[in-house]
Amino acid sequence: ARAQIGVTGLAVMGRNLARNFARNGFTVAVHNRSYARTESLVAEHGDEGDFVPSESLEDFVASLERPRKVVVMVKAGAPTDAVIDELVPLLEEGDIVVDAGNAHFPDTIRREKALAAHGLHFVGTGVSGGEEGALNGPSIMPGGTAESYESLGPILEKISAHVDGVPCCTHVGPDGAGHFVKMVHNGIEYADMQLIAEAYDLLRQGLGASAAEIGDIFAEWNRGDLASFLVEITAEVLRHQDAATGQAFVDVVLDQAEQKGTGRWTVQNGLDLGVPITGIAEATFARSLSGSVPQREAAANLPGHTAGWEVKDRDAFVEDVRQALYASKVVAYSQGFDQIAAASAEYGWNIDRGAMARIWRGGCIIRAGFLNRITEAYERAEDLPLLIADEYFADAVSAGLASWRRVVAGAAQAGIPTPAFSSSLAYYDAVRAPRLPAALVQAQRDFFGAHTYRRTDRDGTFHTDWSGDRTEAEA
Ligand code: 6PG
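According to UniProt numbering, the sequence shown is numbered sequentially starting from 3.
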């Protein structure tokens, strides 16, 4: 036994992770259900490092040093369970099974429990950065026991992306914490993408700029507060011309956005925990709406009664959209970090939010300069109840507020849909409001269902006899 880590499942992500381990000097055991894939990996990339190929799972397990570390990189769901079931009888106490796919965190909690009963560690880990990241350094979000991290952590940290010499990998927390944080990462990814798309639409429709011109604007924005991977690739996409038609590439892509489900899970969990993640929810629903073909066809001739958007100062307009994008983005991240805090309390994970922002600075899809600011905010106040209430972000949002309001109001007048921009502004105004009309909702609930209410002026729970003489009694 000489391999320090093993990878089973050598489709593109598994293959690239295995190569990344090898390139970083680890001896890697590799296995795949059909041996041809294992052979081709070694034939094509064997010179990158030390691979130990095995045809059977038994030989693969036997080639690993103890405690064995096996990364399972197969499809989420039943295929993952099938591989785990095959592995368990071959492993010994203290060995570590790592699920690096996009598993749903309740599955990870279940698997962790099942393997713990066999004396095994199960580490559900988020891995972000796509194929490229897996090969050259992803952001890695491992859950599981602290004990498993002692031997596994240094290997994962070594192959992860690094920013300022700091690895984009840390122990997130017990059992499902790693996959949970990856799920929220993806939810934030949805929100970020939708906000960028709305900014593009505003510039396209409001300003009448061409796709390529907007690409240039995004490239410019990528030099400031908005500097991020997603803004950078947006600039590239918008400048790209379709070879077949000579049109802007974005104009020949069908406008129906798909999803594999992590955004949906994030929204479902937000509802379960009662955390208003409106930015992520609007972004997820925006994808659903785009794919609602019969509804879109039925609505195609509905009137808009729109007013035109007369842009007098191009630069000022662009700056307004930039400010609105940044403020909305801060709100979306603030909501996502709220969700992490709520889940951490609910499931007993003790997640360090500042550390999550730190490991998202490189490797992952939402990597961005401003994540440093989030880490700093949680360093200033570990239990910060609301990210946008941190002094830095409060100032940043306040500086862009007038722009944000102009953009949302103008979009409403012009009939340009901005679900994420406008719901983020509504969230901002609601969360800062001294008093909300929720009081009326409580009164209505009491009226029709005797659901009771509390009062502003004294303690207790009350009910008013709405159908009788309307006297109030303590419930
Ligand atoms: C990542 C990505 C990755 C994948 C998403 C895409 O962090 O590397 O988030 O996980 O690209 O699953 O999600 P949708 O297909 O749902 O858009």
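C-beta: ideal position from N, C-alpha, C; glycine also.
All values derive from a computational prediction rather than experimental measurement.
So, residue i versus residue j, is the Cβ gap smaller than 8 Å?
i           : j           : result
residue 277 : residue 344 : yes
residue 122 : residue 154 : no
residue 214 : residue 240 : yes
residue 19  : residue 73  : yes
residue 127 : residue 139 : no
residue 131 : residue 163 : yes
residue 366 : residue 106 : no
residue 2   : residue 389 : Residue 2 lies beyond the residue range present for the chain, which begins at 3 and ends at 477; the question has no answer from this structure.
residue 413 : residue 420 : yes
residue 112 : residue 67  : no
residue 54  : residue 65  : yes
residue 124 : residue 114 : yes
residue 160 : residue 352 : no
residue 485 : residue 13  : Beyond the ends of the chain as shown, which are 3 and 477, falls residue 485; an answer cannot be given.
residue 203 : residue 376 : no
Compute the Euclidean distance between the alpha carbons of residue i and residue j, then round it to the nearest angstrom.
i           : j           : result
residue 35  : residue 7   : 18 Å
residue 110 : residue 101 : 8 Å
residue 333 : residue 185 : 18 Å
residue 15  : residue 395 : 36 Å
residue 290 : residue 470 : 46 Å
residue 404 : residue 210 : 22 Å
residue 330 : residue 430 : 9 Å
residue 172 : residue 303 : 52 Å
residue 279 : residue 269 : 7 Å
residue 120 : residue 432 : 49 Å
residue 103 : residue 183 : 13 Å
residue 301 : residue 157 : 54 Å
So, at 7 Å on beta carbons, what are the nonlocal neighbours of residue i in its own chain, with the 5 sequence-adjacent residues on each side left out?
i           : result
residue 455 : 444, 445, 448 and 464
residue 252 : 213, 239 and 240
residue 223 : 233 and 324
residue 47  : 21
residue 477 : 454, 463, 464 and 465
Is there at least one non-hydrogen atom of ligand 1 closer than 7 Å to the beta-carbon of residue i?
i           : result
residue 22  : no
residue 190 : no
residue 264 : yes
residue 366 : yes
residue 196 : no
residue 346 : no
residue 162 : no
residue 135 : yes
residue 552 : The chain is shown only over 3 to 477; residue 552 falls outside these bounds and no answer can be derived.
residue 104 : yes
residue 187 : yes
residue 270 : no
residue 444 : no
residue 261 : yes
In chain order, what residues of the same chain have a beta carbon less than 6 Å from the beta carbon of residue i, not counting five sequence neighbours either side?
i           : result
residue 97  : 69, 70 and 122
residue 285 : 192, 193, 196 and 422
residue 180 : 126, 127, 128, 143, 144, 145 and 174
residue 85  : 74 and 76
residue 170 : 141, 162, 163, 361, 364 and 365
residue 479 : Given a span of 3 to 477 for the chain in the structure shown, any question on residue 479 remains unanswerable.
residue 341 : 186, 272, 277 and 279
residue 424 : 410
Among the residues of its own chain, which have a CB less than 8 Å from the CB of residue i, if the five just before and after it don't count?
i           : result
residue 348 : 275
residue 310 : 416
residue 227 : 328, 371, 372 and 398
residue 474 : 464, 465, 466 and 467
residue 392 : 379, 382, 383 and 386
residue 235 : none
residue 293 : 258, 259 and 260
residue 59  : 10, 33, 88, 89 and 92
Any idea which residues DSSP pairs residue i with across the strands?
i           : result
residue 1   : In the structure as shown, the chain begins at 3 and stops at 477. Residue 1 is therefore absent and cannot be evaluated.
residue 169 : 164
residue 110 : DSSP lists no partner for residue 110.
residue 141 : 130
residue 8   : 31 and 72
residue 466 : 474
residue 101 : 74 and 126
residue 54  : 31
residue 151 : None; residue 151 has no bridge partner.
residue 243 : 250
residue 455 : 464
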